[in-house]
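Next up, the structure:
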């Protein structure tokens, strides 16, 4: 059992319990009000949820569904969500998106404790969450190495396992929606049709046989049967392309799932892979990748930068010169796209955890500090004006005291107002 707690009420989660038996979380949100500092005290820490875990990668899912209660209007909440070293959500308002919201992350916990902080932003006084899922990720869910695709070359990228990931798209290519009931990790895979730029050159194939899962290869935890037994294939020597809206300025992790359920024999499927229009892999031989097995799952991982202002990431499968016109020219079974945290450890902006956890001090102490600063400013301004008046008066007196005598003065008589005498020589 993993204990997750927040001040002041504890909450217990049972990861071994089947999701089928868990009631809908949305009618019972977890409200986290903002504490106010007392006079003379330090700013309070943000509300946190902490739980015991094992070091390593974890799947973290946050569920939000705002509605109104007598105490809170959840639609007005604006808040940040962070771990000890990552900003997961910044200035987040669940009411901006329709319906229940699920945000999924794969994060690495270096210790046996995972802490989530919910920090109200701006003038908001509370944060909330309806449900939280945390469980250890399978070892092969996050790779050690991927292919970094850039405009001029492809090279190996060995920092994936040290990065955190946010799931943006999980696509069942050529198939129907796969619900959490049909996935061992309770994931949702959506159809690819609305992301496909043109389907006139493609064909959907299905497979009713048994998927050939093999030891030390892709498992059901990596990809379920319902993704492997459908595919979209290319039958002419052109490209099929999927386009996805993403945020510019981040790196993205792309996992492509393949399972040859379309070829009649081995070594008949060769194709090229493109990321953002750049060549990511030429003459890919799926039979060779699966050690000469048909209907055997295989996945390939890529990393790419999205720097264009349009914020569009494209994935393409294209025919290879090695393919015979009578063969399938290319295929794809599944696709996952995940955002990688940036250099300051954030998925949402350029502010690190230390910046969003700093809250202004409120209450009596805050008011006292504000009036104290204003008083100091007023006294300083009054002093400057007073000194300026004194200086102007002194300059006026000196000008009068040292002014020149009149030119017409009686001979031998002192001039009034000055010690100097005029005499005729």
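Numbering (full-length UniProt numbering), first residue to last: 1 to 425. Where a beta carbon is used, it is the ideal one built from N, C-alpha and C, also for glycine.
{"Item": "Going by CA-CA distance only, name the one from 127, 120, 109 that's closest to residue 67.", "Value": "127"}
{"Item": "Within the same chain, show all residues whose beta-carbon is closer than 6 Å to that of residue 281, passing over the 5 residues directly before and after it, in chain order.", "Value": "273"}
{"Item": "Find out if the Cβ-Cβ distance for the pair residue 257, residue 334 is shorter than 7 Å.", "Value": "yes"}
{"Item": "What ranges does the beta strand (DSSP E) occupy inside the stretch 234 to 281, keeping only unbroken runs of at least 3 residues that lie completely in it?", "Value": "239 to 245, 250 to 258, 270 to 275"}
{"Item": "With DSSP collapsed to three states, give me the class of residue 320.", "Value": "coil"}
{"Item": "Report back the beta-carbon spacing between residue 86 and residue 353 to the nearest angstrom; my notes put them in contact at under 8 Å.", "Value": "7 Å"}
{"Item": "So what does residue 157 bridge to, in DSSP terms?", "Value": "146"}
{"Item": "Per DSSP, which one or two residues make a beta bridge with residue 427?", "Value": "Given a span of 1 to 425 for the chain in the structure shown, any question on residue 427 remains unanswerable."}
{"Item": "For residue 339, write down the residues that DSSP places opposite it in a beta bridge.", "Value": "166, 252"}
{"Item": "Got a sec? Which residues, its chain only, sit under 6 Å from residue 75 by beta carbon, not counting five neighbours each side?", "Value": "66, 95"}
{"Item": "Per DSSP, what are the beta-bridge partners of residue 203 in this structure?", "Value": "233"}
{"Item": "On a Cα-Cα basis, can you pick out the residue from 312, 233, 277, 232 that is closest to residue 245?", "Value": "312"}
{"Item": "Report yes or no: is there a C-beta of chain D within less than 7 Å of the C-beta of residue 211?", "Value": "Annotation note: the requested chain D is absent from the structure, which comprises a single protein chain."}
{"Item": "In three-state terms, what does DSSP make of residue 91?", "Value": "strand"}
{"Item": "Which partner residues does residue 120 have in the DSSP bridge list?", "Value": "79"}
{"Item": "Nearest-angstrom Cα distance between residue 337 and residue 69?", "Value": "36 Å"}
{"Item": "Which first and last residues belong to the alpha helix (DSSP H) in which residue 356 is found?", "Value": "353 to 356"}
{"Item": "Count the other CB atoms within 10 Å of the CB of residue 404; is the residue buried (16 or more) or exposed (fewer)?", "Value": "Model confidence at residue 404 stands at a pLDDT of 46, short of 50, so the residue's coordinates are unreliable; what they give is reported in the following sentence. The residue in question, residue 404, is exposed, as its Cβ has fewer than 16 Cβ neighbours within 10 Å."}
{"Item": "Taking the C-alpha atoms as reference points, what is the distance between residue 222 and residue 288?", "Value": "20 Å"}
{"Item": "How long is the line joining the alpha carbons of residue 170 and residue 71, rounded to whole angstroms?", "Value": "37 Å"}
{"Item": "Quick one: what's residue 73 bridged to in DSSP?", "Value": "68"}
{"Item": "Among the candidates 346, 343, 325, whose CA atom is the shortest distance from the CA of residue 270?", "Value": "325"}
{"Item": "Do residue 173 and residue 332 have their CB atoms nearer than 7 Å?", "Value": "yes"}
{"Item": "Measuring CA to CA, which of 262, 342, 56, 124 is closest to residue 204?", "Value": "262"}
{"Item": "Mapping the DSSP letters down to three states, classify residue 176 as helix, strand or coil.", "Value": "coil"}
{"Item": "What's the C-alpha gap between residue 366 and residue 99?", "Value": "Only weak support exists for where residue 366 lies, its pLDDT of 48 falling under 50; the value from the coordinates is given anyway. One C-alpha to the other measures close to 38 Å."}
{"Item": "Let me know the secondary structure DSSP gives residue 301 once reduced to three states.", "Value": "strand"}
{"Item": "Below 8 Å, how does it come out for the stretch 146 to 164 and the stretch 297 to 308: are there three or more Cβ pairs, yes or no?", "Value": "yes"}
{"Item": "Looking at residue 259: is its Cβ nearer than 7 Å to the Cβ of residue 297?", "Value": "yes"}
{"Item": "Please classify residue 97: is it buried, with 16 or more other beta-carbons within 10 angstroms of its beta-carbon, or exposed?", "Value": "exposed"}
{"Item": "With respect to the alpha helix (DSSP H) encompassing residue 227, which residues constitute its N-terminal and C-terminal limits?", "Value": "225 to 228"}
{"Item": "Rounded to whole angstroms, what's the CA-CA distance from residue 92 to residue 320? Just pull it up for me.", "Value": "45 Å"}
{"Item": "Quick one: using the 10 Å Cβ neighbour count with 16 as the cut-off for buried, is residue 206 buried or exposed?", "Value": "exposed"}
{"Item": "Between which two residues does the beta strand (DSSP E) holding residue 293 run?", "Value": "Unbroken run through residue 293: none, as it is neither H nor E."}
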